[in-house]
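S.K.: Okay, here's the structure, questions in a sec.
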Amino acid sequence: MSDPTSSKPLHIGVVLFQGFEPLDAAGPLEIWGQLPDLHVHYIAQQAGPVKSVTAQMTWVAGYSFDQPPEHLDWLLVPGGIGTRQEVRNPALLDFIRVWSDRVQLCTSVCTGAALLAAAGVLDGKRATGNKVHIAWVMSTGPQVLWEQKARWVRDGKFVTSSGVTAGMDMAVAVLKEEYGEEEAHAAVQRCEYEPHTDPTWDPFSALVQRPR
């Protein structure tokens, strides 16, 4: 567990790509946003504007895959319709392979798990993803131990969540595990958010298309 009173900075890298889901990134960042000495770095294949899937909302990447930050502690990989293309993007997958090995925590939200799976970093590990698209997500990583009923799953340094808002519940759990109950409670109070704290709570697993 990290020490919330420590002066050691926390550097979080957020991977951006065309067609990412903005709440997948904004939700966890809202939960983690008041940690002391927090630095968030937005990284894409090329630095500059990156259009999301929602209402043409655009974020700006300050770093590229070729020129990333010098140091990252946590990595956050969002999902979104753009993942359908990015699972075949060697530059993005190489970036994930390199940095998932370097960081203390590698997290994903929604179909972001497909990018981790396609990069091969989830092989032999437990993981989950958006239940509406879980069949496709699972197809990107046949060696992954997929859990089709889970709000989020942690396996070592890898933490994957179900769809969109589940990322906020995952973020609260990570905050509690890494910084303690008091820090997590303060975060949800500030956001006026009531998180689901049971990782097995997953009413959306009913959306999974079962084999007939």
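One rule links them: number in the working numbering = place in the sequence shown (from 1) + 45. Ideal Cβ placement from N, Cα and C applies to all residues, glycine included.
(1) Output needed for A216: all residues of its chain with C-beta closer than 7 Å, excluding positions within five of it in sequence on either side, in chain order.
(2) With a Cβ-Cβ cutoff of 8 Å, do G174 and S207 count as a contact?
(3) Let me check one thing: in DSSP terms, what residues is P94 bridge-paired to?
(4) Does the distance from the CB of V95 to the CB of F140 come in under 8 Å?
(5) State the DSSP-derived secondary structure class of P256, mapped to helix, strand or coil.
(6) Return no unless some Cβ of chain C is closer than 8 Å to the Cβ of E66.
(7) Short check: CB of S258 to CB of K176, under 8 Å?
(8) On the three-state DSSP scale, how would you describe D146?
(9) Looking at C-alpha atoms only, which residue of A211, G201 and T210 is the closest neighbour of E261?
(10) Quick one: what's got a C-beta closer than 6 Å to L252's C-beta in the same chain, skipping five residues either side?
(11) Counting only the same chain and skipping the five closest in sequence on each side, list residues whose C-beta sits under 6 Å from that of G64.
(12) For the candidate residues A231, F203 and C155, whose alpha-carbon lies nearest to that of A180?
(13) Considering just the uninterrupted stretch of the beta strand (DSSP E) at R199, what are its terminal residues?
(14) Give the secondary structure of V154 by DSSP, where H, G and I count as helix, E and B as strand, and everything else as coil.
(15) Report the three-state DSSP secondary structure of I126 (helix, strand or coil).
(16) Helix, strand or coil, according to DSSP, for S184 in the structure here?
(17) Please classify H116: does DSSP put it in a helix, a strand, or coil?
(18) Given that a residue counts as buried once 16 or more other Cβ atoms are within 10 Å of its Cβ, and exposed if not, what is S184?
(19) Going by the beta-carbon positions, is the gap between V204 and V219 smaller than 8 Å?
(20) Which runs of the alpha helix (DSSP H) at least 4 residues long sit entirely within the segment 52-91? Give them in chain order.
(21) In chain order, what residues of the same chain lie with their CB nearer than 8 Å to the CB of T210, ignoring the 5 residues before and after it?
M.R.: To lay it out plainly:
(1) G72, P73, I76 and W77
(2) yes
(3) V105
(4) no
(5) Only weak support is given to the placement of P256: the predicted model assigns it a pLDDT of 44, under 50, and the question is left unresolved by the model.
(6) No chain C is part of this structure, which consists of one protein chain only.
(7) This structure leaves residue 258 out entirely; the chain is present only between 46 and 257.
(8) helix
(9) Here the chain covers residues 46 to 257 and nothing more, so residue 261 does not appear.
(10) K176 and V177
(11) V98, G125, I126 and G127
(12) C155
(13) W197 to D200
(14) coil
(15) coil
(16) helix
(17) coil
(18) exposed
(19) yes
(20) 67-77
(21) L68 and G72
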